[in-house]
Every structure is written in structure tokens, then in C-alpha cells.
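K.L.:
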Amino acid sequence: MMSNLLGLWSTDMAIDLGTANTLVYVKGQGIVLNEPSVVAIENSDGKNKVIAVGEEAKQMFGKSPGNIKVIRPLRDGVIADFEVAEEMLKYFIHKVHNRRAFTSPIIIICVPSGSTGVERRAIHESAERAGARKVYLIEEPMAAAIGAGLPVTEPSGSMIVDIGGGTTEVAVLSLGGIVYSESARVGGDKMDEAIIAYMRRQHNLLIGSMSAEKLKKNIGTAYAPEDGDGEKYSIKGRDLVNGVPKELILNQRNVAEALAEPVGTIIEAVKRALENTAPELAADIVDRGITLTGGGALLTGMDSVLRKATGLPVTIAEDTLLSVALGTGKVLDEMKTLKRVLESVY
Numbered sequence: 000m001m002s003n004l005l006g007l008w009s010t011d012m013a014i015d016l017g018t019a020n021t022l023v024y025v026k027g028q029g030i031v032l033n034e035p036s037v038v039a040i041e042n043s044d045g046k047n048k049v050i051a052v053g054e055e056a057k058q059m060f061g062k063s064p065g066n067i068k069v070i071r072p073l074r075d076g077v078i079a080d081f082e083v084a085e086e087m088l089k090y091f092i093h094k095v096h097n098r099r100a101f102t103s104p105i106i107i108i109c110v111p112s113g114s115t116g117v118e119r120r121a122i123h124e125s126a127e128r129a130g131a132r133k134v135y136l137i138e139e140p141m142a143a144a145i146g147a148g149l150p151v152t153e154p155s156g157s158m159i160v161d162i163g164g165g166t167t168e169v170a171v172l173s174l175g176g177i178v179y180s181e182s183a184r185v186g187g188d189k190m191d192e193a194i195i196a197y198m199r200r201q202h203n204l205l206i207g208s209m210s211a212e213k214l215k216k217n218i219g220t221a222y223a224p225e226d227g228d229g230e231k232y233s234i235k236g237r238d239l240v241n242g243v244p245k246e247l248i249l250n251q252r253n254v255a256e257a258l259a260e261p262v263g264t265i266i267e268a269v270k271r272a273l274e275n276t277a278p279e280l281a282a283d284i285v286d287r288g289i290t291l292t293g294g295g296a297l298l299t300g301m302d303s304v305l306r307k308a309t310g311l312p313v314t315i316a317e318d319t320l321l322s323v324a325l326g327t328g329k330v331l332d333e334m335k336t337l338k339r340v341l342e343s344v345y
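As numbered in numbering that gives the first Met the number 0, residues 0 to 345 make up the sequence shown, in order.
#1: In the structure shown, what three-state DSSP assignment does LEU5 receive?
#2: What do you reckon, are the CB atoms on ASP188 and THR18 nearer than 9 angstroms?
#3: Below 9 angstroms between beta carbons: does that hold for ALA221 and MET158?
#4: Taking MET334 as the reference, which of ALA39, VAL134 and ILE70 has the closest Cα?
#5: Rounded to the nearest angstrom, what separates ALA257 and LYS213 at their Cα positions?
#6: Determine whether the beta carbon atoms of VAL340 and ALA13 lie at a separation below 9 angstroms.
#7: By DSSP, does GLY187 sit in helix, in strand, or in coil?
#8: Does DSSP put ALA51 in a helix, a strand or coil?
#9: Note the first and the last residue of the continuous beta strand (DSSP E) segment covering GLU138.
#10: Have a look at SER2 and THR314 and give me their C-alpha separation to the nearest angstrom.
#11: For ARG128, I'd like the list of residues in its chain whose CB is within less than 7 angstroms of its CB, leaving aside the five on either flank, ordered along the chain.
#12: If you drop the 5 nearest sequence neighbours on each side, which residues of the same chain put their C-beta closer than 7 angstroms to that of THR264?
#13: Quick one: complete beta strand (DSSP E) runs, 3+ long, within the region 189-228?
#14: Going by DSSP in three states, SER125 sits in which element: helix, strand or coil?
#15: Using the beta-carbon count (16 or more within 10 Å), is VAL160 buried or exposed?
#16: Run the CB neighbour count on VAL240, radius 10 Å, all protein chains shown included, and call it buried at 16 or more, exposed below.
#17: Determine the burial state of ASP283: buried for a count of at least 16 other Cβ atoms within 10 Å of its Cβ, exposed for fewer.
#18: To the nearest whole angstrom, what separates the beta carbons of ILE194 and VAL262, a pair I think is in contact under 8 angstroms?
#19: Around the C-beta of THR336, are 16 or more other C-beta atoms found within 10 angstroms, so that it is buried, or is it exposed?
#20: From the DSSP output, read off the bridge partner residues of LEU22.
#21: List the endpoints of the continuous beta strand (DSSP E) containing SER233.
#22: Does DSSP classify GLY165 as helix, strand or coil?
#23: Residues bridged to ILE266 by DSSP?
#24: Using DSSP bridges, identify the partner residues of ARG74.
#25: Assign GLY328 to buried or exposed, taking buried as 16 or more other Cβ atoms, counted over all protein chains shown, within 10 Å of its Cβ.
#26: Can you give me the C-alpha to C-alpha distance between GLY27 and ASP332, rounded to a whole angstrom?
#27: Rounded to whole angstroms, what is the Cα-Cα separation between CYS109 and GLU267?
Below, the structure written as C-alpha cells:
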């Protein structure tokens with residue numbers, strides 16, 4: 000009975016505040032929101048007003064008039080624009096918060112393992128001002144590992160590689176803690192940027208980030224096809240020589256060439272983690288292998304290139320896009336047993 004009353008008093012939630020998407024998990028309900036981390040702001044009479052958040056704002060990207068700015072408040076996994084991030088958090092929290100609730104919610108938010116104390120305090124304060132009663136932080140690789148079903152509280156080594164929009168989190172975990180972690184500022188965004196740079200360099204074609212993302216999702220691959228050029232995809236942009244719109248047909252070999260640098264950076268981060276892992280934990284990783292999570296894990300051949308580079312088994316988590324949110328949600332649901340994986344800034 001008491002737990003039912005507490006459910007009315009607040010809607011505790013876990014938030015995966017991602018560079019590309021924000022996911023909100025509500026205690027007892029699961030993931031209730033999954034929207035792009037994008038905010039549209041209109042400037043009229045010198046005042047800024049939020050006019051759209053999430054999916055609606057993303058549709059305006061690259062198509063808005065001068066008085067409307069479409070902003071992604073997170074870059075490389077951390078808050079780049081605090082005011083806009085706070086407005087976005089408020090919007091998402093109010094969208095899912097139980098209107099019958101008597102008190103503000105407890106909120107758990109994911110942070111990259113490489114984020115500084117200043118960045119963590121900024122996220123903490125933004126959540127408090129957005130309406131949280133109590134704020135806890137959890138490091139992304141820990142949340143991803145829990146969401147992927149790895150036995151993080153046991154005395155054995157688990158290795159997670161979470162390839163998100165802004166960062167790739169590589170970590171070795173054991174006994175409910177992170178033994179080694181590295182946060183490489185490369186992810187889906189850097190892959191999109193690499194495609195844009197490749198198109199400009201090789202084809203004198205200027206394309207937007209949305210077009211680059213579509214190309215990556217449709218025929219993106221971590222390695223070139225062994226025979227032939229692979230699948231083809233049509234992409235439109237502006238010809239930098241003539242200044243007119245133009246359409247080009249690209250293939251998987253082209254995209255693999257464009258993505259070689261960001262994929263290589265991820266491989267190097269994984270190798271460094273393995274080099275810094277204690278022998279006993281390394282032995283466990285040889286048996287269990289590496290688990291991939293995040294949107295980047297869905298890039299064709301990402302698991303294969305890591306398998307080839309390390310000689311270890313590599314598996315992609317079942318709900319790879321949701322792993323961090325599900326892991327954070329599990330900690331929220333099982334606070335008594337999993338509280339030691341959390342941190343409170345104050």
C-alpha cells in the first residue's frame with residue numbers, strides 16, 4: 000500500500016541524456032520517451048522563446064529562417080549550452096512527470112566516464128532546476144553494461160564498448176565498479192562529419208548532417224566489401240564548383256573509406272583498454288568477450304573489425320540503442336541493491 004502511495008507522490012525517472020537522443024525511463028513503466036536532443040528557439044523582439052523540442056525541432060534542422068535557431072545543446076557527450084539543455088530537460092521531465100504527483104521526482108542521469116567534475120555539477124544543477132528532488136549520476140559504461148545484462152556486480156571482468164552519438168565509452172567492470180575506462184570523443188556525430196568532409200574533398204559536394212546520417216544508416220560500413228563496391232545509395236547536395244543542386248550515387252566502398260578514421264579511433268581506444276587491463280580480468284574477457292552497445296554498434300561490420308583487431312569474441316547487445324536507458328532504469332528499480340554504482344555530486 001505504501002509503495003502505491005509513493006508512486007502517486009512522485010514519478011521517479013532515469014534519463015539517458017544523449018548527444019543524439021534523450022531517453023526517459025519511468026519507474027514501473029519502462030522507457031516512455033525517446034526523442035532527439037534538439038531544441039528550436041525563436042528570437043523575437045530580442046527575447047528567446049523555445050518553440051519546439053525533440054522530433055519536431057529536429058525536422059527544422061538546416062531549414063529554419065534567420066530568427067529561429069535549431070540547437071543541439073549536447074556535444075561530445077557533455078552539455079555545450081547549459082540554458083538550452085536545462086529547457087530541454089524541463090520539457091522532457093514535465094512531459095512524462097505524473098501530473099497527480101505530490102512531490103518532485105528522484106532522477107538518475109547518465110554521464111560519460113570522461114566528463115569532468117565541472118561538467119557533472121552542471122548536469123546535476125540543470126536537473127535540479129528542471130524539477131528534480133534528488134539527483135544521482137551514473138557513468139554511461141556502467142549503465143550500458145547493466146542494460147546489456149553483464150554481471151557487473153560479480154568478481155569477474157566484463158568489457159563494454161558503448162558507441163553513442165558524441166562519445167565512445169570503453170570500460171572494464173568488476174565488483175560493481177569501473178576498473179578502467181576511456182571516453183573517446185568519437186561516435187555517430189564524428190562519423191557524420193567524416194562523411195561530410197569526404198564528400199567535400201572527393202566529390203566537391205556539400206551535404207548536410209541529416210543527409211550524412213541517412214547515408215550512414217543506409218549503406219554505412221566499417222570495412223570495404225571484399226569483392227565489388229557493395230550497395231549503392233543516392234545522395235543530394237550542392238555542387239561546390241557550379242553552386243547548383245546535384246545528385247550523386249555512392250557505394251559502400253566509398254562510405255567505408257570516409258569512415259576509416261573514426262572507426263580506427265574506436266579500435267585504438269579498445270586496444271588501449273585491453274593493454275591496461277589486469278591479467279586476471281583479461282582472462283575473464285577472453286572467455287566472455289567484448290559487448291557492443293549504442294547506435295554505432297549497428298554500423299555494418301563494426302563487430303567484425305573489432306573481432307579482427309583484438310582476436311576476441313565480440314557480441315552486439317540485444318537492445319543496443321536502449322541499453323544505457325534500460326541499465327539506468329534497472330538501477331532506479333533496484334536502488335537498494337545497485338545504489339553503489341551511483342554517485343551524488345554533493
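Virtual Cβ for every residue (Gly too), placed ideally from N, Cα, C. The structure displayed is predicted, hence computed values, not measured ones.
P.N.:
Per the coordinate set shown:
#1: Residue placement at LEU5 cannot be trusted, given a pLDDT of 43 that sits under 50; what the coordinates show is reported in the next sentence. Helix, per DSSP.
#2: yes
#3: no
#4: VAL134
#5: 14 angstroms
#6: no
#7: helix
#8: strand
#9: 133-138
#10: Summary for SER2: the model assigns pLDDT 44, below 50, so the residue's position carries little reliability, and this model does not support an answer.
#11: GLU85
#12: ALA183 and VAL185
#13: none
#14: helix
#15: buried
#16: exposed
#17: buried
#18: Not a contact, Cβ separation roughly 12 angstroms.
#19: exposed
#20: ASP15 and ASN33
#21: 231-238
#22: coil
#23: Answer is none; ILE266 lacks a bridge partner.
#24: VAL77
#25: buried
#26: 7 angstroms
#27: 24 angstroms
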